[in-house]
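These protein sequence lines map, in sequence, to chains L and S. The numbering of the first sequence is UniProt numbering, which starts it at 1 and goes up by one. The numbering of the second sequence is UniProt numbering, which starts it at 1 and goes up by one.
Protein chains: 2
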Amino acid sequence: MADDRENGERVIHVPLGERAYDILIGEGLIARAGGEISTRIKGRKAAIITDEHVGALYLEPLMDSLQADGIETVSLSLPAGEKTKSFDHLQKVCDVLLEARIERNDTVIALGGGVIGDLTGFAAGIVRRGVRFVQMPTSLLSQVDSSVGGKTGINTRHGKNLVGIFNQPDLVLADTGVLNSLSPREFRAGYAEVAKYGLIDQPDFFAWLEKNWREVFSGGAARTEAIARSCQAKADVVVADERENGRRALLNLGHTFGHALEAATQYDSARLVHGEGVAIGMVLAHEFSARLNLASPDDGKRVEAHLRAVGLPTRLSDIEGELPPPHILLDAMAQDKKVKAGKLTFILTHGIGQSFVADDVPPSEVLSFLTDKMASANI
Amino acid sequence: MADDRENGERVIHVPLGERAYDILIGEGLIARAGGEISTRIKGRKAAIITDEHVGALYLEPLMDSLQADGIETVSLSLPAGEKTKSFDHLQKVCDVLLEARIERNDTVIALGGGVIGDLTGFAAGIVRRGVRFVQMPTSLLSQVDSSVGGKTGINTRHGKNLVGIFNQPDLVLADTGVLNSLSPREFRAGYAEVAKYGLIDQPDFFAWLEKNWREVFSGGAARTEAIARSCQAKADVVVADERENGRRALLNLGHTFGHALEAATQYDSARLVHGEGVAIGMVLAHEFSARLNLASPDDGKRVEAHLRAVGLPTRLSDIEGELPPPHILLDAMAQDKKVKAGKLTFILTHGIGQSFVADDVPPSEVLSFLTDKMASANI
Ligand SMILES: NC(=O)c1ccc[n+]([C@@H]2O[C@H](COP(=O)([O-])OP(=O)(O)OC[C@H]3O[C@@H](n4cnc5c(N)ncnc54)[C@H](O)[C@@H]3O)[C@@H](O)[C@H]2O)c1
Ligand SMILES: NC(=O)c1ccc[n+]([C@@H]2O[C@H](COP(=O)([O-])OP(=O)(O)OC[C@H]3O[C@@H](n4cnc5c(N)ncnc54)[C@H](O)[C@@H]3O)[C@@H](O)[C@H]2O)c1
Ligand SMILES: [Zn+2]
Ligand SMILES: [Zn+2]
Chain L
1 MADDRENGER VIHVPLGERA YDILIGEGLI ARAGGEISTR IKGRKAAIIT DEHVGALYLE
61 PLMDSLQADG IETVSLSLPA GEKTKSFDHL QKVCDVLLEA RIERNDTVIA LGGGVIGDLT
121 GFAAGIVRRG VRFVQMPTSL LSQVDSSVGG KTGINTRHGK NLVGIFNQPD LVLADTGVLN
181 SLSPREFRAG YAEVAKYGLI DQPDFFAWLE KNWREVFSGG AARTEAIARS CQAKADVVVA
241 DERENGRRAL LNLGHTFGHA LEAATQYDSA RLVHGEGVAI GMVLAHEFSA RLNLASPDDG
301 KRVEAHLRAV GLPTRLSDIE GELPPPHILL DAMAQDKKVK AGKLTFILTH GIGQSFVADD
361 VPPSEVLSFL TDKMASANI
Chain S
1 MADDRENGER VIHVPLGERA YDILIGEGLI ARAGGEISTR IKGRKAAIIT DEHVGALYLE
61 PLMDSLQADG IETVSLSLPA GEKTKSFDHL QKVCDVLLEA RIERNDTVIA LGGGVIGDLT
121 GFAAGIVRRG VRFVQMPTSL LSQVDSSVGG KTGINTRHGK NLVGIFNQPD LVLADTGVLN
181 SLSPREFRAG YAEVAKYGLI DQPDFFAWLE KNWREVFSGG AARTEAIARS CQAKADVVVA
241 DERENGRRAL LNLGHTFGHA LEAATQYDSA RLVHGEGVAI GMVLAHEFSA RLNLASPDDG
301 KRVEAHLRAV GLPTRLSDIE GELPPPHILL DAMAQDKKVK AGKLTFILTH GIGQSFVADD
361 VPPSEVLSFL TDKMASANI
């Protein structure tokens, strides 16, 4: 499914029948966007939704590229940050798309991280019951995770991503060069998701990362390779289970804990960003599995050692400020989507690269685990 | 596909693969709702969304029926009327569903006319990226049209239904008895859609209606028959073309004009309700077709005579108050969804029961038709 172009660009095809699409990964794709889009999509109009950080850097080159290929563009730049994934901004984006008279064969482009991708993909899927949609992920997290798979949505006061739709993009253009302007902290956060694919079912990829992570951080071929492997892994899972009824849940490794921590820190990115929550969550998932005698405690230690080496937080005590008590964290997990008839769905593991879905985890087990964790000197 | 039960109830199966569902049509279905839902849907929770008119009459019996079958219920009653199909109310409904912790296998029930059905179906499709959804249409229009086919959505300041999704219900329960409390005006408005199915491609059904419309209005077997035939007609089109790329557009007979008139009257139901706009629109579509030498003027006269006999408005001059000038009406049509590269998509006809999709109607033709219409003494 993966394919190499001469310029080192990688192409991953996601074979989803009438919703099939390509993911292009490589340096300089923003400058080549007009060509890639105009050969695939009929409409001659595009609306670019971005955030203020990304827009300041890449909006102009992208508009130039589109206009050079005869695509008329409008753009909207929203505040950066998780709070932008709201009903108010959804309404705003829809309004701008309708104002611009974007029709079914015109294109809506998400230029930004996962926040912009999730919000824009949702809006593109509901305006006129769906217009064309291109993901141009600019953070590492969005390149390896959120831009692939079609989940889109917004947050509500009840929790993250509780309102949204499945909306597969028509094309994903991941320019690996733009990651050079990403803050090291955001890069690390995205890296947590890269490591996740190794931990789910590719122990060799995890071992490769333990050896090559410095090259991934510095750019070039190793970075492209890590992103392509991650996209391929995610695409494989999505193809096997588009609507998240079974196998796709594996992608939530570290996420049930992670989302609870994000909620507990009020989605305040100064304290915790998504990938950091996932990093801590993956360590907790390995430790919780060890406590349930499913995995060796050594695996948890190896996971923690690698994530800590790249500079990610791995413990609850790495989070600045106070955390709510365990039962509040548990409550946040129960309001999370992955709940079936009162039991929690958790991704547990038998060891590195041996994760599995457990949909019958008693909340009481989680509560006592968290209580011990938070009470121990270790937290 | 249609099926008869002993009590005179009709069952229409809509074979949409994994999105297949049944439409049940008959008297007393509200009282039998608990049984029908609990045999089909696992979750033991239901949220009923209704409007204040319908809720006052039917919410209690419905809740009783659900509770008798062991389904825990919450409810939300919204203001009646088209203005409820808004972003604000969408957000409110989502909030209530999340507050009630409706999970994927729980049920959201739309109890009301098309307004409640469209809004609720949209909310049910985006909360947790989709929970179970049951349509219980209570207006004639919603029983024969909006509850079947999966189109859901809200209005924006740019026009009607411009934001929404395709979300097929899991079940439709159309209690024909509740139509007795519908105002005669609303009944007539729904009847316009019934007549539409005859005009699209069933001249025999149109002739049957010309003979039997009084029985349809008064209730009993003829009413059930007319509703079942309408649902079957709509279901057939939807199955042939779920996402509205071709044939499904036929259902828009009378609607391009109709929507423009609704916009022109600010969706003020005191002046015009949807079905009334459609009635006038269908007459205009026949007249416009005759003007283009596609149909005989006699067909337009026969359509107008029947719709007028049942008490529907059929002319622009039947609308109280002033209408905007032709070019504003045209502009409203162009902002309507059915636009491809500057040409209008219109449903035209070769005569009664011989409608077809024309996707290359020059706006100038429409403009001169409307200009003449509005200038003539006839309007
Ligand atoms: N849809 C999915 O399947 C999925 C999967 C995982 C995560 N998510 C969502 O993704 C979001 C997190 O994504 P994120 O980490 O990309 O967050 P983000 O979009 O907030 O981006 C992080 C920060 O980096 C900045 N940034 C992005 N690209 C940059 C660049 N090239 N140069 C400089 N600055 C840049 C942004 O402006 C922002 O300040 C969360 O809302 C999460 O729920 C969705
Ligand atoms: N989704 C679709 O495919 C589709 C198709 C056609 C129309 N629509 C939409 O449907 C809407 C119009 O539907 P509608 O005409 O049902 O409007 P509506 O929902 O506003 O109902 C009309 C009025 O009748 C009242 N009412 C409904 N049932 C009643 C009953 N049994 N007894 C007493 N009063 C009752 C309502 O409270 C309301 O005041 C429009 O928004 C239109 O866009 C959608
Ligand atoms: Zn994630
Ligand atoms: Zn209609």
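Idealized CB from N, CA, C, for every residue including glycine.
- Taking the Cβ atoms as the reference, L:Asn167 lies roughly 11 Å from L:Arg132, outside the contact range of under 8 Å.
- CA-CA distance, S:Ala240 to S:Ala249, rounds to 11 Å.
- Remark: the shortest separation between the CB of S:Val361 and any heavy atom of ligand 3 does not fall under 6 Å.
- Residues of the stretch 158-180 of chain L that bring their beta carbon within less than 7 Å of a beta carbon in chain S comprise His158, Leu162, Val163, Gly164, Ile165 and Phe166, in sequence order.
- Interface annotation, L:Arg302: not in contact with chain S, CB-CB separation never under 7 Å.
- Secondary structure remark: continuous alpha helix (DSSP H) runs of at least 4 residues inside the stretch 60-135 of chain L, in chain order: 87-99 and 114-126.
- For S:Ile126, a Cβ of chain L is located within less than 7 Å of the residue's own Cβ.
- Under the three-state reduction of DSSP, S:Ser181 is assigned to helix.
- Per DSSP, reduced to three states, the secondary structure at L:His259 is helical.
- L:Val283 sits in a helix when the DSSP states are folded into three classes.
- For S:Ile352, there is no enclosing beta strand (DSSP E), as DSSP gives it neither H nor E.
- Identification of chain L residues near S:Leu98 by a Cβ-Cβ cut-off of 9 Å yields Thr156, Arg157, His158, Gly159, Leu162, Val163 and Gln335, ordered along the chain.
- Those residues of the stretch 124-150 of chain S placed with their C-beta closer than 8 Å to a C-beta in chain L are Gly125, Ile126, Val127, Arg128, Arg129 and Gly130, ordered along the chain.
- Boundaries of the alpha helix (DSSP H) around S:Lys373: Pro363 to Ala375.
- S:Gly353 is positioned such that its CB atom lies closer than 7 Å to that of S:Pro203.
- Taking S:Ile30 as the centre and dropping the five residues before and after it, the same chain places the C-beta of Tyr58, Pro61, Leu62 and Asp175 closer than 6 Å to its C-beta, in chain order.
- The continuous alpha helix (DSSP H) containing S:Gly35 extends over residues Leu29 to Ser38.
- In this structure the stretch 367-376 of chain L does not lie against the stretch 95-115 of chain S, because fewer than three pairs of beta carbons, one per stretch, are closer than 8 Å.
- Distance check between S:Arg40 and each of S:Arg247, S:Gly281, S:Leu173 and S:Ala123 places S:Leu173 closest, using alpha-carbon atoms only.
- Taking the Cα of S:Leu329 as reference, the smallest distance to any Cα among S:Ala235, S:Pro363 and S:Gly43 is reached at S:Pro363.
- Taking the CA atoms as reference points, S:Gly164 sits about 14 Å from L:Val93.
- Per DSSP, S:Leu171 lies in no alpha helix (DSSP H); the unbroken beta strand (DSSP E) holding it starts and ends at Leu171 to Asp175.
- DSSP, read as helix, strand or coil, puts L:His158 in coil.
- Short of 8 Å from the beta carbon of L:Leu294, and not among the five residues preceding or following it, lie these beta carbons of its own chain, in chain order: Leu348, Thr349 and His350.
- Closest in alpha carbon position to L:Val74, among L:Lys45, L:Pro297 and L:Ala285, is L:Lys45.
- Considered as a whole, the UniProt domain "3-dehydroquinate synthase C-terminal" (190-339) of chain L harbours 203-218, 221-240, 255-264, 274-291, 297-309 and 326-335 as its complete alpha helix (DSSP H) runs of no fewer than 4 residues, in chain order.
- Contact of L:Gln91 with chain S is assigned, a C-beta pair being separated by under 7 Å.
- Distance from the CA of S:His327 to the CA of L:Arg129, rounded to the nearest whole angstrom, comes to 27 Å.
- Using a C-beta cut-off of 8 Å, the stretch 180-193 of chain S makes contact with the stretch 276-289 of chain S, since at least three inter-stretch Cβ pairs fall below that distance.
- Between S:Asp51 and the set S:Leu97, S:Ala123 and S:Thr138, the nearest pair of CA atoms involves S:Thr138.
- The DSSP-derived three-state label of L:Val148 is coil.
- In this structure, DSSP gives S:Gly164 an extended state, which the three-state scheme calls strand.
- Remark: the shortest separation between the CB of L:Ser218 and any heavy atom of ligand 1 does not fall under 6 Å.
- Taken from the Cβ of L:Val278, at least one heavy atom of ligand 3 lies inside 6 Å.
- Remark: the C-beta of L:Val54 is in contact range of ligand 1, defined as less than 6 Å to any heavy atom.
- Relative to S:Ile227, the option among S:Leu162, S:Asp236, S:Asp145 and S:Gly254 whose CA is nearest is S:Asp145.
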